[in-house]
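Undergrad: Top line first, the protein sequences correspond to chains X and D.
Just so we're aligned, residue 109 is where the first sequence starts under the numbering used here, counting upward by one.
Just so we're aligned, residue 109 is where the second sequence starts under the numbering used here, counting upward by one.
We put the beta carbon where it would ideally sit given N, CA and C, even for glycine.
Quantities reported herein were computed from a predicted structural model and do not represent experimental measurements.
There are 2 protein chains.
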Amino acid sequence: MTQRRHGLVTIADVARHAGVAVSTVSYVLSGKRTISATTRQRVLASVRALGYHPHAGARALASKRANVIALVLPLRSGMHLPVLMRFATTVVTTARQYDHDVLLVTADEGPAGLRRLAAGAMVDGLVLMDVEWQDPRVPMLRDLALPSVLIGFPASPAGLTCVDLDFYRAGSVCVDHLAQFGHRHIALLGAPVVVYERDTGYARRTMAGFTDAAARHGLDAGVEPCEEDAEGVRRTVSALLARRPALTGLVVHNEAAVGHVLDSLRALDRRVPRDLSIVAICPDEVAVRVTPALSSVLIPAEDVGHQAVTLLMRKLEGQRVPEATLLDPHLAVRASSAAVRAVARR
Amino acid sequence: MTQRRHGLVTIADVARHAGVAVSTVSYVLSGKRTISATTRQRVLASVRALGYHPHAGARALASKRANVIALVLPLRSGMHLPVLMRFATTVVTTARQYDHDVLLVTADEGPAGLRRLAAGAMVDGLVLMDVEWQDPRVPMLRDLALPSVLIGFPASPAGLTCVDLDFYRAGSVCVDHLAQFGHRHIALLGAPVVVYERDTGYARRTMAGFTDAAARHGLDAGVEPCEEDAEGVRRTVSALLARRPALTGLVVHNEAAVGHVLDSLRALDRRVPRDLSIVAICPDEVAVRVTPALSSVLIPAEDVGHQAVTLLMRKLEGQRVPEATLLDPHLAVRASSAAVRAVARR
DNA sequence: GGCCGTTGTCGAAGCGCTTCGACGACGTGC
DNA sequence: GCACGTCGTCGAAGCGCTTCGACAACGGCC
């Protein structure tokens, strides 16, 4: 367009064009000193006329701020990709609102990778996605001197800034919903055993929320870890129904298993929601893709991503932020849950 | 670690520590001038001792190379996320091998976003993922003066650098496979009608490959566009089977529909592969997740991502690269395809 | 043995930006 | 009417790095 032959439009070009000093242009653009309205207009007009964009490297060098944050993805690939993708795009768009760009970092460079970014002043801060209970990235965070925000909770979050869905309340909300519908015998179909053994934060917290709420309502409740493959689900479900024939309500916190659960119930000739009400904790996409559509507490990818970036920006400005930010669960009632029938079947 | 109290370790620190000039350190690190072995060792030792990493901004400013490439994701969200994610991580790791980092850019800033990156010298080049037949990002690419590589083919790829699976050959390979198994009556179950209407490149090319190969083998072949929802698939499949009862081979190029296709066939009491052989063009994950596992041509996410970055790096070094890079399809034979039975059923 | 071409190193000049201190040109207050 | 802030602008000093030209030191050559 209006760019110079070879190379970029520099702030000096703008200054010349507007007939002011370089520093004046800088102050107009940053707003760090008062500039008269007339001068400001003139400068801004020149900026537009020349199509000026500051040179990121020069800015970073002089200001000691790169205006870039890193989005650090974990190595393992067990998580739900659509949700992760929504996180990522939300992080990017939110960061842009704060005039920051996003550097995509995979954890496979390990600690050295993050250290490189820090030492090279490439980024001003980090957003770590999908943080696990025992996350290898967390220890290094402490001696890195880079502001960071974690999505998910590690075992010892003291001194860090963490954001996540409030899984405890999510568990409770599901139970509350079933209780309101008159269900007295319920179960939580949870993550695979290994997840509990790994001591993963969110699974435990959901379980606690479920158990506490059930106790509060005086319900007959139990927790079933559950594998994710069709066969494993089938076994778990039929064993559960055989053992607790009075069961009428099911909370499913295992998005991979959701489809198989419905298949199994169909195979066992149990109708949803006539014989059994289901509430799931899973991404909305999963909940509406199956038949019947599931009442569910969704994973608020957009909210979490937005919150994470906002918190990080606050930290970059030197403000203090809460260590834990738990986002309220929101229950969407759909076709899979209904009032318990007056007379118990079979 | 060994970093200075406040602020970074600079090249000057290294020079002082090693007892050489700043420029000498620079030349050791870049290799752009011959340096004696002894000096080099001394400098490298100092680099390690101090934990030196060059300041990215300063380097970008002085060298006019940011050592960062942008990964541009499209706005629409119709594509297969796991594959996209594998693309992305491959791009990141490959870029790292060339000492580059990756800036994540969503297309929702539009042309202005890319222009900003170019003008601000934030990135040295672009990788555009999931390029469509009529992609709004493509026109601007031409006057942007930034090296770029596209994943996928737009309508007019002249002057650009594009990488993708060779869908024409993918279509052919599927037909060849079925023909070898003796199938004479086959069909292509393709993308939804809108995709063909949108004139999307890959769908057309697959179709052409399918049709040409079928003609070459003298097969009875037809193409069926197919919606992605369960009901639409069911309709299409039963209509197809009713219309062409002799059909024994099916090529499915519609990853979202794959599961529904199998469901429909099951409902119609057609066994796979006994009554009907299926070959799919889809990500491996999709192919092995269903029962029976599908013979399939996979989308080589890793190869494509790797190729894209490699090509971009070659362009950054001023080398010429081919405009089109088509990756060979690879057929994985699994349970869903078999020799046609000697005597046709029903 | 003087000359020249290498080889290895140095010093200094920027790259484009931010920021600090300086400094006219204004009111204001007495 | 003079000293004093305040406001708006400027010039210059870096930020940490790359790169260019210069230049000792050293052999090889006739």
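Mind listing, in chain order, the continuous beta strand (DSSP E) runs of no fewer than 3 residues lying wholly within the stretch 299-355 of chain D?
TA: 328-332
Undergrad: What residue does the alpha helix (DSSP H) around D:Thr132 start on, and which one ends it?
TA: 130-138
Undergrad: Would you check if the stretch 141-157 of chain X and the stretch 131-150 of chain D touch, i.e. whether three or more CB-CB distances between them fall below 8 Å?
TA: no
Undergrad: Give the residues from the stretch 144-162 of chain X that approach chain D closer than 9 Å (Cβ to any Cβ), ordered along the chain.
TA: Gly159, Tyr160, His161, Pro162
Undergrad: Quick check: the Cα distance between D:Tyr160 and D:Val122, rounded to an integer number of angstroms?
TA: For D:Tyr160 and D:Val122, the distance between alpha carbons rounds to 7 Å.
Undergrad: Under a CB-based cut-off of 7 Å, is D:Arg112 close to chain X?
TA: Note that D:Arg112 scores a pLDDT of 42, beneath 50, so its modelled location is shaky; the value from the coordinates is reported in the next line. Closer than 7 Å: no.
Undergrad: Can you find a C-beta in chain X that's less than 7 Å from the C-beta of D:Asp209?
TA: yes
Undergrad: Going along the chain, which residues of its own chain have a beta-carbon closer than 6 Å to the beta-carbon of D:Lys153, five neighbours each way excluded?
TA: A small fix is needed here, since residue 153 of chain D is Ala in this sequence, not Lys. No residues qualify anywhere along the chain.
Undergrad: Do X:Ala338 and X:His368 have their beta-carbon atoms positioned less than 7 Å apart in this structure?
TA: yes
Undergrad: Are D:Val239 and D:Leu211 close, meaning C-beta to C-beta below 7 Å?
TA: no
Undergrad: Of all Cβ atoms in chain X, is any one closer than 7 Å to the Cβ of D:Gly165?
TA: yes
Undergrad: Give the DSSP bridge partners of D:Ile259, in chain order.
TA: D:Val271
Undergrad: Contact check, X:Thr214 vs D:Thr433 under 8 Å by CB: the rounded distance?
TA: Not quite, the Cβ-Cβ distance comes to about 24 Å (not below 8 Å), so this is no contact.
Undergrad: Tell me, please, which residues DSSP counts as bridged to D:Ser445.
TA: Beta-bridge pairing links D:Ser445 to no other residue.
Undergrad: Please look up how many angstroms separate the CB atoms of D:Val417 and D:Val191, rounded, as I've assumed it's under 8 Å.
TA: About 16 Å; that fails the 8 Å criterion.
Undergrad: Taking Cβ positions, are D:Leu249 and X:Gly165 nearer each other than 7 Å?
TA: For D:Leu249 and X:Gly165, no; Cβs fall outside 7 Å.
Undergrad: Buried or exposed: where does D:Asp436 fall if 16 or more other Cβ atoms within 10 Å of its Cβ makes it buried?
TA: exposed
Undergrad: Mind reading off the beta-carbon distance from D:Ala229 to X:Leu116? Whole number of angstroms is fine, and I expect it under 8 Å.
TA: Yes, they are in contact, since the Cβ atoms of D:Ala229 and X:Leu116 sit about 6 Å apart, within 8 Å.
Undergrad: If you follow the beta strand (DSSP E) that D:Leu234 is part of, which residue opens it and which one closes it?
TA: 233-236
Undergrad: Determine the extent of the beta strand (DSSP E) in which X:Gly357 is found, giving its start and end residues.
TA: 357-360
Undergrad: Could you check if D:Arg112 is buried or exposed, using at least 16 other CB atoms within 10 Å of its CB as the buried criterion?
TA: Because the pLDDT at D:Arg112 is just 42, under 50, the model does not fix this residue reliably, and the value given afterwards should be weighed accordingly. Exposed, by the Cβ-count rule.
Undergrad: Kindly confirm or deny that the stretch 263-278 of chain X and the stretch 325-335 of chain X touch, where touching means at least three C-beta pairs closer than 8 Å.
TA: no
Undergrad: For a test of the three-state rule: what should DSSP assign to D:Ile294, helix, strand or coil?
TA: Strand.
Undergrad: Are the beta-carbon atoms of D:Ser403 and D:Ser444 separated by less than 7 Å?
TA: yes
Undergrad: With DSSP run on the structure shown, which of helix, strand or coil describes D:Asp209?
TA: strand
Undergrad: Let me check one thing: in DSSP terms, what residues is X:Ser403 bridge-paired to?
TA: Answer is X:Val387, bridged to X:Ser403.
Undergrad: Once DSSP output is grouped into helix, strand and coil, what is the label at X:Ile177?
TA: Reduced to three states, the DSSP call for X:Ile177 is strand.
Undergrad: Counting only beta-carbon separations shorter than 7 Å, does D:Val200 have a partner in chain X?
TA: yes
Undergrad: Should X:Val359 be labelled buried (16 or more other beta-carbon atoms within 10 Å of its own) or exposed?
TA: buried
Undergrad: In this structure, what does DSSP give as the bridge partners for D:Ala432?
TA: D:Cys270
Undergrad: Give a yes or no on whether 7 Å exceeds the smallest Cβ distance from D:Thr142 to chain X.
TA: Proximity of D:Thr142 to chain X, defined by a Cβ-Cβ separation below 7 Å, is not satisfied.
Undergrad: Consider the Cβ of X:Thr118: report whether some Cβ of chain D lies at a distance smaller than 7 Å.
TA: no
Undergrad: What residues in the stretch 222-247 of chain D bring their beta carbon closer than 7 Å to a beta carbon of chain X?
TA: Arg224, Ala227, Gly228, Ala229, Met230
Undergrad: Does DSSP put X:Leu254 in a helix, a strand or coil?
TA: In this structure, X:Leu254 counts as coil in the three-state DSSP scheme.
Undergrad: Would X:Val283 and X:Ala323 be called neighbours here (beta carbons separated by less than 7 Å)?
TA: no
Undergrad: Per DSSP, what kind of secondary structure is D:Thr214 in: helix, strand or coil?
TA: The answer is strand: DSSP assigns D:Thr214 an E or B state.
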